[in-house]
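For reference, the structure discussed in these notes is given below.
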Amino acid sequence: MKDQRPDQVRGAVSARSVIAILALLLPSLATGADAPARGLILRLTAGGGEDARVARSAVLHVPDGAAVSPFLKAGAFKARWEGVLVLEKRSRLVFHLVGAGVARLLVDGEALVPAIGEPNESKRLSSGAHDFVVEYEPPTDGNAWLRLFWEGRDFGREPVPATAFGHDPNDPSLLRQGTFRDGRMLLAEKRCMACHQGSGLPAMAELKLRGPSLDGVGKRLRQDWLAKWIANPKAIRPSAHMPMVFKENGEEKAAHIAAYLSADAPNDEGMVAATPAQVRSGGHLFHQQGCIACHSLNARGDFERIGLKSIGKKFRLGALREFLREPAKFHQATRMPTFKFSEEEAVALAGFLRSLENDPGALIPAGDIEKGRVLAKASGCFNCHERKGEKSTLLAKTPLFSLKSAECSAVRFDYVHAGESRGALAIFLSGKSNQESLARFVPAEFAERQFDALRCSACHSRDGEETFREKFAAEVAHLVPPEPAVNEEKPAIKAGPPPLNHLGLKLRPEWRAKLFAGEIDPKVRPWMAARMPAFPSRAKDLSTGFSHSVGVPAVSPKLPALDAAKVKVGEAMSSVQAGLACATCHGIGDKPPIAVFEGEGPNFRDAGARLS
26 MKDQRPDQVR
36 GAVSARSVIA
46 ILALLLPSLA
56 TGADAPARGL
66 ILRLTAGGGE
76 DARVARSAVL
86 HVPDGAAVSP
96 FLKAGAFKAR
106 WEGVLVLEKR
116 SRLVFHLVGA
126 GVARLLVDGE
136 ALVPAIGEPN
146 ESKRLSSGAH
156 DFVVEYEPPT
166 DGNAWLRLFW
176 EGRDFGREPV
186 PATAFGHDPN
196 DPSLLRQGTF
206 RDGRMLLAEK
216 RCMACHQGSG
226 LPAMAELKLR
236 GPSLDGVGKR
246 LRQDWLAKWI
256 ANPKAIRPSA
266 HMPMVFKENG
276 EEKAAHIAAY
286 LSADAPNDEG
296 MVAATPAQVR
306 SGGHLFHQQG
316 CIACHSLNAR
326 GDFERIGLKS
336 IGKKFRLGAL
346 REFLREPAKF
356 HQATRMPTFK
366 FSEEEAVALA
376 GFLRSLENDP
386 GALIPAGDIE
396 KGRVLAKASG
406 CFNCHERKGE
416 KSTLLAKTPL
426 FSLKSAECSA
436 VRFDYVHAGE
446 SRGALAIFLS
456 GKSNQESLAR
466 FVPAEFAERQ
476 FDALRCSACH
486 SRDGEETFRE
496 KFAAEVAHLV
506 PPEPAVNEEK
516 PAIKAGPPPL
526 NHLGLKLRPE
536 WRAKLFAGEI
546 DPKVRPWMAA
556 RMPAFPSRAK
566 DLSTGFSHSV
576 GVPAVSPKLP
586 ALDAAKVKVG
596 EAMSSVQAGL
606 ACATCHGIGD
616 KPPIAVFEGE
626 GPNFRDAGAR
636 LS
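In this text, residue positions in the sequence shown follow this note's numbering: the first is 26, and each later residue adds one.
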């Protein structure tokens, strides 16, 4: 009887299924909340140091002269991926290792693939979990890279999906290095190096992103909101990175600083509120763009999402509209993406957000502008925030890696909240060798961190996981816009944004960087209501990281000159008369699709520049 292809190859195995299977097959790992996790453990050694992290698969790309890990020195290294391969059905498989250097693949202790470029003979593997190990050493010069593929009787060679792998989340080395990584990221989020001297020029990308500019902030944000935010940011947003600066007389001091920052505030009188029709349109836009994935409609939000009910208490009239159009104008590091809203759309969306709450807010103590200026300088505000003509007078005497705890006693506030892994930051700072990690940039790790930080899974699924917009869809069911009239000749596609299982492989890195920067116009799928958000300040590093994370360089190979004969054949193949009728569903340049059956496909106009 012919073996069937493993279901997870086509993404049919969900994370829950894999964990359930592993829990049954590996009872030693199934300890309640500590269930087996997806992915493999990547163990790295270099220059006498060791590191361990989770990898989605046995893939790697390290440019010549770069470090394989922020915690290891650049140069020669060894890599070893460990975990289990989980098969739902008995399968006959062939594995391939492709790359530069020396590598081998072991399944259940057997060296199945002895070297790069030497695939195994078709091997029958039973259903269940199999010990899985890949060992790798890079070449003596040139880029280090490795990729893992498999093929079966009824499917061709393709990357082994992350859904096929599992590992022990309680591995001691993994836990230790995970704590270091948590502390390192917390240090970047809390901007510790803004006050404390670190190790030269930082290379960690997050350390280069500055806080919001305070130039003209009084023209954008309400004075009463500023006072409350400065007094206790976490009372407004649980996930706030901004610390509670003052422990004593906090409200009074915050009111002074808010008065100073708002000295140039405009008079909001005469501003026109959105009409009821605009408010309804804004609600529909909120639903279409999946805003609920990152925001809740209540006031406080949670650690996953930022609440929007009280957004009208934050922005001055007109300022919210401008923020929605250009979120990064005064905050390069903002995680709020650019959606390229038109003026009309921004007015409607701002009107809807303001309609969520009519409470004008409580009064605050009157502030003194000059006292606020002195306090802002003395409290280190201008270490993290820019404001023309101002400079902080607070400079910490203690070097960053001489700190004994995560408490900032110099400015009398607890910088890291107790619920934010304060221990992880303290442990990271206790390791002097960790200081060097701040001067190393590993694009693949940056991209994976930003995948979570920017909530790419808000709209895109990866490895079969549910998107956030699906998870919270019920909260905005009342905002679903009315169904448009059906165009029988060109029906609308109901599918959402594409899955990101192969992010880094499908798109050419140069085009992908433009996509992340918001420079692709017209959009690839004009019929889809959801838009691709843009993150200009991170675009290039993100694109590079996603390429490296799947084992490929961030520069596309040079394309050969077009063969006129093949172009002619391709043109004939795409035609309706004698070819594959591609033009039926796909536009080709300025020519629209002829007769869409189930849904329009992307225009072939930019296929060569877009697809790898």
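Yeah, the Cβ is synthetic: ideal placement off N, Cα and C, and Gly gets one too.
Closest in C-alpha terms to residue 323, from the list 315, 314, 334 and 313, comes 334.
Counting every other CB atom within 10 Å of its CB across the protein chains shown gives residue 459 a total of 16 or more, marking it as buried. By the beta-carbon neighbour count (other beta carbons within 10 angstroms, threshold 16), residue 388 is exposed. Check the Cα spacing between residue 210 and each of 266, 252, 359 and 190: the tightest is with 266. Residue 86: member of the beta strand (DSSP E) spanning 85-87, first to last residue. Just so you know, the alpha carbons of residue 108 and residue 130 end up roughly 12 Å apart. For the options 173, 258, 405 and 308, the alpha carbon positioned closest to that of residue 371 is the one of 308. Residue 157: member of the beta strand (DSSP E) spanning 153-162, first to last residue. Rounded to whole angstroms, the separation of the alpha carbons of residue 399 and residue 577 is 52 Å. Judged by their CB atoms, residue 152 and residue 119 are not nearer to each other than the 8 Å cut-off. Taken atom to atom, the span from the alpha-carbon of residue 585 to that of residue 633 is near 12 Å.
The Cβ atoms of residue 279 and residue 252 lie closer than 8 Å to each other. Counting only residues of its own chain and dropping the five nearest sequence neighbours on each side, residue 90 has a CB closer than 7 Å to the CB of 99. Per DSSP, reduced to three states, the secondary structure at residue 197 is helical.
Ranked by Cα distance from residue 336, the first of 409, 397, 262 and 402 is 262.
Within the same chain, 68 and 160 come within 6 Å of residue 105 by CB-CB distance, once the 5 residues on both sides are set aside.
Looking at 201, 410 and 221, the one whose alpha-carbon comes closest to that of residue 422 is 221. A residue is called buried when at least 16 other Cβ atoms come within 10 angstroms of its Cβ; residue 492 meets this threshold and is buried.
If you compare the alpha carbons of 344, 366, 282 and 249 with that of residue 306, the shortest gap goes to 366.
In the structure shown, residue 221 adopts coil according to DSSP, grouped into three states. Pairwise C-beta distances place the stretch 123-143 out of contact with the stretch 190-207, as fewer than three of them are shorter than 8 Å. Of 116, 169, 228 and 155, the smallest CA-CA separation from residue 95 is found for 228. With the rule of 3 Cβ pairs closer than 8 Å, the stretch 337-345 does not count as touching the stretch 402-417. Judged by DSSP in its simplified three-state form, residue 70 adopts strand. Non-local beta-carbon contacts of residue 424 in its own chain, meaning distances under 7 Å to residues more than five positions away in sequence, involve 221 and 222 in chain order.
Across the structure, residue 80 and residue 589 are spaced so that their CA atoms are roughly 43 Å apart. Judged by DSSP secondary structure, residue 177 falls within the beta strand (DSSP E) whose first and last residues are 169-177. Per DSSP, the continuous beta strand (DSSP E) segment holding residue 116 begins and ends at 116-125. Put simply, the backbone Cα of residue 208 is about 32 Å away from that of residue 246.
One thing to note: residue 559 has its Cβ within 8 Å of the Cβ of residue 543.
Note that the stretch 467-475 touches the stretch 560-573; at least 3 beta-carbon pairs, one per stretch, sit closer than 8 Å.
Annotation for residue 254: the continuous alpha helix (DSSP H) segment containing it runs 248-256. Looking at the backbone, the Cα of residue 610 and that of residue 602 are separated by about 14 Å. Measuring C-alpha to C-alpha distances from residue 465 to each of 167, 169, 200 and 231 identifies 231 as the nearest. The closest CA to that of residue 531, considering only 274, 212, 183 and 546, is found on 183. Following the DSSP letters along the chain, one finds residue 309 inside the alpha helix (DSSP H) bounded by residues 301-313.
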